[in-house]
Structure formats: structure tokens, C-alpha cells
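Trainee:
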Amino acid sequence: MPIIHDEEFGKITIRRSARASQVRLRVAPDGTLRASLPLYAPTFLVKRLIKSSRSELRDLLSKAQPTLEYTDGMRVGKSHTLIVRPSLGAFQINRRGQQIIISLPEGKTLEDTTIVRAVRDAIIAALRIEAKSYLPKRLSFLANKFGFHYKKVRFSHASGRWGSCTSEGTISLNIALMKLPFEQIDYVIIHELAHTRHLNHSPEFWSLVSEGDPLYKEHRQALKREAPTI
Numbered sequence: 434m435p436i437i438h439d440e441e442f443g444k445i446t447i448r449r450s451a452r453a454s455q456v457r458l459r460v461a462p463d464g465t466l467r468a469s470l471p472l473y474a475p476t477f478l479v480k481r482l483i484k485s486s487r488s489e490l491r492d493l494l495s496k497a498q499p500t501l502e503y504t505d506g507m508r509v510g511k512s513h514t515l516i517v518r519p520s521l522g523a524f525q526i527n528r529r530g531q532q533i534i535i536s537l538p539e540g541k542t543l544e545d546t547t548i549v550r551a552v553r554d555a556i557i558a559a560l561r562i563e564a565k566s567y568l569p570k571r572l573s574f575l576a577n578k579f580g581f582h583y584k585k586v587r588f589s590h591a592s593g594r595w596g597s598c599t600s601e602g603t604i605s606l607n608i609a610l611m612k613l614p615f616e617q618i619d620y621v622i623i624h625e626l627a628h629t630r631h632l633n634h635s636p637e638f639w640s641l642v643s644e645g646d647p648l649y650k651e652h653r654q655a656l657k658r659e660a661p662t663i
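For the sequence shown, the working numbering assigns the number 434 to the initial residue and increments by one for each residue that follows.
What follows is the structure, encoded as C-alpha cells:
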């Protein structure tokens with residue numbers, strides 16, 4: 434299926450259908466946006482709908498819970514691991530050090546809705562711990578290194594974006610960043626720091642980004658293949 438890329442929402446898959454009567458956008462199971470449109474409708478209609486519906490799409494993405502496959506031994510963020518153990522008692526999930534331990538009773542699976550929700554909540558908690566430990570220090574380091582100034586940093590996870598920056602200099606970072614390679618995390622941080630001087634994507638903005646990350650084009654492209662969902 435064809436794919437287009439949006440600066441804010443990343444990868445958007447396009448699917449044409451003879452049954453489609455208009456352009457529609459929905460959240461796919463992997464947390465990315467998927468567009469459906471009539472067979473001969475031009476692609477620019479998708480881009481136009483995205484442009485006019487950004488607020489609604491942000492809300493839609495924030496409420497969406499992607500279908501994820503949880504497995505024993507799964508890596509969570511940079512330092513946590515998911516451990517599944519059979520249990521004779523009730524279902525339990527606990528974090529011990531850097532392990533998220535799931536006690537799974539007989540007859541229950543990691544696909545059960547209530548268990549999926551509990552595991553996701555535990556993963557969010559673990560990623561938040563990692564994010565608060567790593568991201569502020571890295572943000573401060575890169576800001577000092579390249580001469581940027583910001584007011585404060587906030588964390589989120591209910592967002593379709595990896596990061597954002599307000600006109601007052603408040604930088605928001607998605608805790609899902611901890612799923613990414615370190616060089617992509619740096620790209621997002623530098624991107625948002627550059628917004629403290631240019632709240633746009635002008636040539637001057639990208640020049641600032643390139644000073645902090647000479648390989649930003651490569652990292653930006655790789656980031657489009659990921660989704661800031663948990």
C-alpha cells in the first residue's frame with residue numbers, strides 16, 4: 434500500500450477501496466494513521482484532510498491503544514524486561530528492579546483484554562521511570578553543548594508526537610522515546626531545542642538541527658518508520 438509521511442504524524446498508509454465513498458482516517462493496530470479513499474481519488478485529498486483535522490487526529494491518537502504482542506523476555510525501553518511466570522493463584526503483575534514480572538494463571542493468556550491493559554500500564558510506568566531518569570539530563574547536556582535555552586521539560590505518553598515545544602520554551606517529550614535508539618532520541622531532543630528559536634520548519638530551523646545532528650535526515654527518515662505509541 435502507498436505511504437505518505439507527515440511532519441507531525443509520521444507514516445500514513447493509504448488504502449484505496451471501491452467501497453469507499455469519501456476519505457477517512459483511522460488509527461491502525463500499530464498506532465499509525467491509515468487513510469481509506471475511493472479508487473480514483475487524488476492523494477492530495479488525504480493531505481488536505483490531515484491539515485484541516487490535526488486537533489481531532491491528535492485526540493484520536495491519544496485515545497487509541499494499539500494492538501501489541503507481549504512476549505516472555507520482551508525488552509521494554511532501555512533497561513526493563515518482561516518476565517512471564519505460570520501461577521497457581523490469581524493474575525498479578527509487579528515490577529522488581531528492572532523486571533516486569535507477570536504471574537499468569539492457567540487458562541489465561543497475554544492476549545486477554547484485562548491482562549493487556551495491566552501489562553500496558555506497567556510498561557508505561559517503567560518507561561516513565563526511564564524517561565525521567567535519562568531525558569532531562571540528555572536535554573540539559575545537548576542544550577548546553579549547542580547553546581539552546583528552554584524553560585522546562587514535561588513528559589507525556591498520550592500523544593501522536595515524539596515531542597513538542599511551546600512558544601514559552603516548554604519542551605514536552607514522549608516517554609515512548611525510550612523505545613528508540615539513542616541517536617534517534619538525540620535527534621528528537623535537538624529538533625525540539627531548535628524550536629526554541631524557530632517555531633517553524635524553515636531553512637533556518639533545519640540549519641540549526643543540522644548543527645546539532647549532522648545525520649538528522651537519516652534519523653528523521655528512520656523515525657518515520659516508528660510510532661510514538663505504547
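Ideal placement from N, C-alpha and C gives every residue a C-beta, glycine not left out.
Taking its Cβ as the centre, do 16 or more other Cβ atoms sit within 10 Å of A559, making it buried, or is it exposed?
Mentor: Looking at its Cβ environment, which holds 16 or more other Cβ atoms inside 10 Å, A559 is buried.
Trainee: DSSP three-state label for G645, please.
Mentor: Of the three classes helix, strand and coil, the one that applies to G645 here is helix, per DSSP.
Trainee: For the beta strand (DSSP E) containing Q525, name the first residue and the last one.
Mentor: Element bounds for Q525: 525-529.
Trainee: Check whether the stretch 460-476 touches the stretch 510-520, counting contact only when three or more Cβ pairs, one atom from each stretch, lie closer than 8 Å.
Mentor: The stretch 460-476 is not in contact with the stretch 510-520.
Trainee: Excluding five sequence neighbours on each side, which residues of the same chain lie with their C-beta closer than 7 Å to the C-beta of A523?
Mentor: Excluding positions up to five away in sequence, the list reads P538.
Trainee: Would you grab the beta carbon distance between Q617 and H652 for me? Rounded to a whole angstrom, and I think it's under 8 Å.
Mentor: Indeed they touch by this definition, with Cβ atoms about 5 Å apart.
Trainee: Let me know if K612 comes out buried or exposed under the rule of 16 or more other beta-carbons within 10 Å of its beta-carbon.
Mentor: Its Cβ being crowded by 16 or more others within 10 Å, K612 is buried.
Trainee: When the distance is taken between beta carbons, is E637 closer than 7 Å to G596?
Mentor: Taking 7 Å as the Cβ cut-off, G596 and E637 do not qualify as a contacting pair.
Trainee: Leaving out five residues on either side along the sequence, give the residues of the same chain with a beta carbon under 8 Å from the beta carbon of H438.
Mentor: K444, I445, K657, listed in sequence order.
Trainee: Between which two residues does the alpha helix (DSSP H) holding D619 run?
Mentor: Its alpha helix (DSSP H) spans residues 615-627.
Trainee: How would you call T547, buried or exposed, if buried means at least 16 neighbouring beta carbons within 10 angstroms?
Mentor: Classification of T547: exposed, given that the 10 Å Cβ count is below 16.
Trainee: Count the other CB atoms, across all protein chains shown, that sit within 10 Å of the CB of G645; report buried if there are 16 or more and exposed otherwise.
Mentor: With 16 or more Cβ atoms within 10 Å of its Cβ, G645 is classed as buried.
Trainee: Name the one or two DSSP bridge partners that L560 has.
Mentor: Answer is none; L560 lacks a bridge partner.
Trainee: What residue does the beta strand (DSSP E) around K585 start on, and which one ends it?
Mentor: 585-589 is the span of the beta strand (DSSP E), which, as asked, contains K585.
Trainee: Can you have a look at E659 and say buried or exposed, based on whether 16 or more other CB atoms are within 10 angstroms of its CB?
Mentor: Result: buried.
Trainee: Can you check which of these residues, L543, C598, F615, is closest to F581 by C-alpha distance?
Mentor: That would be C598, whose Cα lies nearest to the Cα of F581.
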